[in-house]
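Protein chains: 2
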Amino acid sequence: MTNAALIYAKDHRQQHLQSLIDLLRIPSISTLAEHNPDMKRAAQWLADYLKGIGMARAEVMPTGGHPAVYAEWLGAGAGAPTLLAYGHYDVQPIDPLAEWRTPPFEPAIRGDDLFARGASDDKGQVFAVVAATEAHLKGNGRLPINLKLLFEGEEEITSPNLAPFVKRHRQMLAADAVLVCDQAMLSPQLPLIMYGLRGLTYMEVEVRGPTQDLHSGTFGGVVDNPFNVLVRLLAQLQDPVSHRVLIPGFYSRVRPLSDEERALLARLPQTDEQLRRLAGVPALVGEKGYTAIERSCARPSLDIHGIPGGFIAAGKKTVIPARAGAKVSMRLVPDQDPDEIAGLFEAYLHAIAPRTVELEVRTLGAARPVIVDLHGPAIQAAATAYRDGFGASPAFQRGGGTVPIVRDFQDLLGVPIVMMGFGLPDDNNHAPNEKINLTCLYKGIETLTHYYTLFAGTKKGSSRTRE
Amino acid sequence: MTNAALIYAKDHRQQHLQSLIDLLRIPSISTLAEHNPDMKRAAQWLADYLKGIGMARAEVMPTGGHPAVYAEWLGAGAGAPTLLAYGHYDVQPIDPLAEWRTPPFEPAIRGDDLFARGASDDKGQVFAVVAATEAHLKGNGRLPINLKLLFEGEEEITSPNLAPFVKRHRQMLAADAVLVCDQAMLSPQLPLIMYGLRGLTYMEVEVRGPTQDLHSGTFGGVVDNPFNVLVRLLAQLQDPVSHRVLIPGFYSRVRPLSDEERALLARLPQTDEQLRRLAGVPALVGEKGYTAIERSCARPSLDIHGIPGGFIAAGKKTVIPARAGAKVSMRLVPDQDPDEIAGLFEAYLHAIAPRTVELEVRTLGAARPVIVDLHGPAIQAAATAYRDGFGASPAFQRGGGTVPIVRDFQDLLGVPIVMMGFGLPDDNNHAPNEKINLTCLYKGIETLTHYYTLFAGTKKGSSRTRE
Chain R
433 MTNAALIYAK DHRQQHLQSL IDLLRIPSIS TLAEHNPDMK RAAQWLADYL
483 KGIGMARAEV MPTGGHPAVY AEWLGAGAGA PTLLAYGHYD VQPIDPLAEW
533 RTPPFEPAIR GDDLFARGAS DDKGQVFAVV AATEAHLKGN GRLPINLKLL
583 FEGEEEITSP NLAPFVKRHR QMLAADAVLV CDQAMLSPQL PLIMYGLRGL
633 TYMEVEVRGP TQDLHSGTFG GVVDNPFNVL VRLLAQLQDP VSHRVLIPGF
683 YSRVRPLSDE ERALLARLPQ TDEQLRRLAG VPALVGEKGY TAIERSCARP
733 SLDIHGIPGG FIAAGKKTVI PARAGAKVSM RLVPDQDPDE IAGLFEAYLH
783 AIAPRTVELE VRTLGAARPV IVDLHGPAIQ AAATAYRDGF GASPAFQRGG
833 GTVPIVRDFQ DLLGVPIVMM GFGLPDDNNH APNEKINLTC LYKGIETLTH
883 YYTLFAGTKK GSSRTRE
Chain B
433 MTNAALIYAK DHRQQHLQSL IDLLRIPSIS TLAEHNPDMK RAAQWLADYL
483 KGIGMARAEV MPTGGHPAVY AEWLGAGAGA PTLLAYGHYD VQPIDPLAEW
533 RTPPFEPAIR GDDLFARGAS DDKGQVFAVV AATEAHLKGN GRLPINLKLL
583 FEGEEEITSP NLAPFVKRHR QMLAADAVLV CDQAMLSPQL PLIMYGLRGL
633 TYMEVEVRGP TQDLHSGTFG GVVDNPFNVL VRLLAQLQDP VSHRVLIPGF
683 YSRVRPLSDE ERALLARLPQ TDEQLRRLAG VPALVGEKGY TAIERSCARP
733 SLDIHGIPGG FIAAGKKTVI PARAGAKVSM RLVPDQDPDE IAGLFEAYLH
783 AIAPRTVELE VRTLGAARPV IVDLHGPAIQ AAATAYRDGF GASPAFQRGG
833 GTVPIVRDFQ DLLGVPIVMM GFGLPDDNNH APNEKINLTC LYKGIETLTH
883 YYTLFAGTKK GSSRTRE
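Just so you know, the sequences run in chain order R and B. Numbering-wise, my numbering comes out as the position in the first sequence, counting from 1, plus 432. Numbering-wise, my numbering comes out as the position in the second sequence, counting from 1, plus 432.
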């Protein structure tokens, strides 16, 4: 069965390349209103294509913003597992345009790479899902699993309407696992499975002192300057030597790294020295007892992003500002709860703030961390599929960043998330000269073709595991 | 001799009021280029008036910016002391115009007050000097002292050209004391002599980390965030409990407050509670062992004015900024040296900064503190003049602010500075509905008329005292 699908995939590389080029020609930039018609065109192109390859249902569906594309083929029956595959068809803006070697929406092949905005992020990877689906439907006349596809048009503008859409269509989207195809491999020889993401609590602090700005000549030494107070408060958030966050209770729910995870992370090819050079700093810092890679994805952190208020223009003004603010966020790891952390942060600052100022602490955002059992069958099937498609075992890594939609899928659908991808670190996502490597693309299509078949074997006893 | 001058002053109150109104009609706003012709007009008006009352020399003199008015009468001979009186004829802008009850350049009398921009700051006080001069010249045909008058047109734009002018004309401006008439009394019954001012060292700090902004998802917990580092450095500048500045050597040259000074400051009518309400804060803070008024004028202080860099817009952005800055100034008291303090500040920050960032410390400004011996004859003559003019002994106070020109006069001419004034705390300087109280104005003219006579008696043995 897979064989016919695989043969179809290999035989249709040129046709698939041409179709992807058609999709890449549509300038579906979600953040620019003048491209709204292009958003509709790209969504319709996908729905039409999916209809054309034999999906039972394929349509453009409205959301609160740009439309989503939904398609399904449920002919494998109740005995087979159901997979929901997610991707996005919107792309980033193209500036600075002058730095593109060829126009961003006129796809160009140079060597083994296809250059165009969206080639890697994420139209190329969306199309790999579509092409693998086509390989089964056309090669075998059917899929080995029940398949649902959801491609959104707002990922590059932080998916404001996706969670409501998923909530509203929970029944329609019900599945045994969610496949997210929107990431890079570590190298062409080293595929990657992300099995976790950090969460985030984003806070805003405001210290209010005098009712209006005061002159430091008259009041310097007599009133508590909100900025003098604020830096004292912020300095007490983190130990300068151990770099540990000093908020009481901050670490109480942090899940320790298992020996197995530490071993997996230690096998990653990136060295501390490479990371240091990438960051462009004299030295890395951080919590004792953890490698840099462990700290960056499996340990929580705290960063100050800016300190608004006061006098920040050129020159000198001797003001005691009436108020001082700060933007502070914390990256969280399982099983920290972002709302609980927000409460601890607020309580701690109130406890250490002097009574000579008024303190206000606001929560600007909260996203929960994600972790998926890397022994689960849906994940292990992905590892096998990579071995079949790329001839290489994947690395397992948690991501240091935060992708709220992943956690939303996990919470709303209650199933494991499988994060795969066929991009490369040098694909220039969000930058000029974005590209996808064609060998990776074709191997990606074949990997997914394998994955569908492997996923069919995960049904019994394991597919209901919740993370 | 004084008697005839005093009688002249009292007899000419209406004429003086009319002349002051003429001067106030000229909108000499130094910061607005469209008023440059008005600046010239106001300067010429003063020169003409001074010529008219019999000053031997009275002219408009060029500076690097708006012109200065210089006049002299040196007929008292080598045996008499020479006084240089300083004031400024430029005024602040008038916005918000809608809040003025009568137009700012159409002087209006309501009750005992004359309303107009510049009425108190400083044309009214400049005119008091002019009118007292006139009283002697017209009432007695001569002055009891050698008198030099210097009225500048750039005080409201921080006097950028005054020090160079004084330096260039040091011989012309040589005197035994400088009288600065540009301040308020504490109340109509309580005149004030300022015998000191705080100095200032204004610093800019920059902490540089990564070569470019980084994503806190990827690098949070791995690199030293310049803002995290900066708040730790700034928090170590001042003790949170004692409020003392922690820079080693900061206090080593601070002149202790004498018992006499503490007694003088304790006699000032302003209470801590009044100061607290004026500042609009829940409580005053500061160095233990000093009253609020002592801290505000006779003890050094440190204030953070703003922390530029990073993300300060609305919303949330998870950036680790490449750099973070801070604007910090310190008010200094005798005998602190602003350049030495700048060096101590810089050395301290370099000593406590981690090697994981690059630190740059720049000096934006430095002004030395001022103190004048309050037992000196020029000051004591001013106290007597107040008693004669207002029937009240003046309070003695140091100012918490910094007036660089005062220190420039002290340094360049090497003589005591006498700071008097006839404004009131509610004169609305720099605000809508500026006014001068007419009783204070007339008594001010009479006080200065007395002062010239009293200053004539200071020559022997004391006038050369340097502070």
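Just so it is clear, CB atoms sit at the ideal spot from N, CA and C, and this is done for glycine as well. For clarity, every value in this text was computed on a predicted model and none was experimentally measured.
> Could you give the residue range of the beta strand (DSSP E) that holds B/TRP505?
Replying inline: In the DSSP annotation of this structure, the continuous segment of the beta strand (DSSP E) that includes B/TRP505 starts and ends at 500–505.
> In chain B, which residues lie with their C-beta within 8 Å of the C-beta of R/LYS720?
Replying inline: None at all; the shortest Cβ gap to chain B is about 12 Å.
>> Contact criterion: CB-CB distance below 8 Å. Does B/THR750 meet it with respect to chain R?
In response: Interface with chain R (8 Å Cβ-Cβ cutoff): B/THR750 is included.
> Taking R/THR463 as the reference, which of R/LEU873, R/PRO701, R/ALA609, R/ASP527 has the closest Cα?
Replying inline: Closest by alpha carbon: R/ASP527.
> Which chain B residues sit within Cβ distance under 7 Å of R/GLN702?
Replying inline: Correct list: empty, because the minimum Cβ distance to chain B is about 11 Å.
> Taking DSSP as the reference, what is the three-state secondary structure of B/GLU587?
Replying inline: If DSSP states are grouped into helix, strand and coil, B/GLU587 belongs with the helices.
> Since B/GLY423 is in the alpha helix (DSSP H), which residue starts that stretch and which ends it?
Replying inline: Not covered by the structure: residue 423 of chain B. The range shown for chain B is 433 to 899.
>> Please state whether the Cβ-Cβ distance between R/LEU665 and R/LEU781 is less than 8 Å.
In response: Yes, these two residues count as a Cβ contact at 8 Å.
>> For a test of the three-state rule: what should DSSP assign to B/GLU719, helix, strand or coil?
In response: Residue state, collapsed to three classes: coil.
> Once you ignore the five residues that flank R/ASP545 on each side, which residues in its own chain have a CB closer than 6 Å to its CB?
Replying inline: Cβ within range, chain order: LYS867, ASN869.
> To which residues does DSSP link R/GLN829 through a beta bridge?
Replying inline: Looking at the DSSP output, R/GLN829 shares a beta bridge with R/MET626.
> Which first and last residues belong to the alpha helix (DSSP H) in which B/GLU693 is found?
Replying inline: For B/GLU693, the enclosing alpha helix (DSSP H) has its first and last residue at 691–698.
> For R/ARG731, does the count of other Cβ atoms within 10 angstroms reach 16, so buried, or fall short, so exposed?
Replying inline: With 16 or more other Cβ atoms within 10 Å, it is buried.
> Which residues of chain R have a Cβ atom closer than 7 Å to the Cβ of B/GLY797, listed in chain order?
Replying inline: Going along chain R in sequence order, the residues near B/GLY797 (Cβ under 7 Å) are LYS748.
>> Helix, strand or coil, according to DSSP, for B/ARG489 in the structure here?
In response: Three-state result, B/ARG489: strand.
> For B/GLY741, which residues of its own chain have a beta-carbon under 6 Å away from its beta-carbon, when the five flanking residues on both sides are left out?
Replying inline: A distance below 6 Å between beta-carbons, with the five flanking residues on each side excluded, links B/GLY741 to the following residues of its chain, in chain order: PRO753, ARG755, ALA756, GLY757.
> Could you give the residue range of the alpha helix (DSSP H) that holds R/TYR818?
Replying inline: Residues 809–822.
> At a CB-CB cut-off below 8 Å, which residues of chain R make contact with B/HIS647?
Replying inline: Here the neighbours are GLY833.
> Candidates R/GLY832, R/VAL612, R/GLY808, R/THR816: which alpha carbon is nearest R/GLY519's?
Replying inline: Residue R/VAL612 is the option with its Cα nearest to R/GLY519.
> For B/ARG787, is the classification buried or exposed, using 16 other Cβ atoms within 10 angstroms of its Cβ as the cut-off for buried?
Replying inline: Exposed, since its Cβ has fewer than 16 Cβ neighbours within 10 Å.
> Ordered along the chain, which non-local residues of its own chain (more than five positions away) have a Cβ less than 8 Å from that of B/LEU622?
Replying inline: Within the same chain, B/LEU622 has close Cβ partners PRO701, ALA824, PRO826, ALA827.
> Along chain B, which residues have their Cβ under 8 Å away from the Cβ of R/PHE828?
Replying inline: Neighbours of R/PHE828 on chain B: none; closest Cβ ~18 Å, over 8 Å.
> First and last residue of the beta strand (DSSP E) that includes R/ASN869?
Replying inline: 867–869 is the extent of the beta strand (DSSP E) around R/ASN869.
> With a cut-off of 8 Å, does the C-beta of B/PRO536 fall near any C-beta of chain R?
Replying inline: Chain R contact via Cβ: absent.
> With B/ALA500 and B/GLU584 assumed to form a contact (beta carbons below 8 Å), what rounded beta-carbon distance in angstroms separates them?
Replying inline: Yes, they are in contact, since the Cβ atoms of B/ALA500 and B/GLU584 sit about 5 Å apart, within 8 Å.
> If we ignore side chains and look at the alpha-carbon of each, how far apart do R/GLN524 and R/SER619 end up?
Replying inline: Each residue's alpha carbon lies about 23 Å from the other.
> Can a CB atom of chain B be found closer than 8 Å to the CB of R/ASP735?
Replying inline: Cβ-Cβ to chain B under 8 Å: yes for R/ASP735.
> R/LEU678 versus chain C: which residues are under 9 Å apart at the beta carbon?
Replying inline: You won't find chain C in this structure, because its protein chains are R and B.
>> So with CB distances below 7 Å, who are the chain B contacts of R/LEU666?
In response: Neighbours of R/LEU666 on chain B, chain order: VAL663.
> On the three-state DSSP scale, how would you describe B/THR633?
Replying inline: When secondary structure is reduced to three states using DSSP, B/THR633 falls in the strand class.
>> Since B/TYR440 and B/ALA567 should fall inside the 8 Å C-beta cutoff, what is the C-beta to C-beta distance between them, to a whole number of angstroms?
In response: Contact annotation, B/TYR440 with B/ALA567: C-beta distance approximately 4 Å; criterion of less than 8 Å satisfied.
> For B/ALA724, which residues in chain R fall below 8 Å Cβ to Cβ?
Replying inline: Within chain R, the residues VAL654 have their CB atoms less than 8 Å from the CB of B/ALA724, given in chain order.
>> Counting only beta-carbon separations shorter than 8 Å, does B/TYR818 have a partner in chain R?
In response: It does not; no Cβ of chain R falls within 8 Å.
> Going by alpha carbons, who is nearest to R/ILE877 out of R/VAL713, R/LYS442, R/ASP470?
Replying inline: The option with the nearest alpha carbon to R/ILE877 is R/LYS442.
> Opposite R/ILE547 in the DSSP bridges: which residues?
Replying inline: In the sequence on display, residue 547 of chain R carries Phe and not Ile. DSSP, once it has assigned bridges, lists R/ALA540, R/LYS867 as partnering R/PHE547.
> Which whole-angstrom value describes the C-beta separation of R/ALA798 and R/ALA779, a residue pair presumed to lie in contact below a C-beta threshold of 8 Å?
Replying inline: No, R/ALA798 and R/ALA779 are not in contact; Cβ-Cβ is about 16 Å, not under 8 Å.
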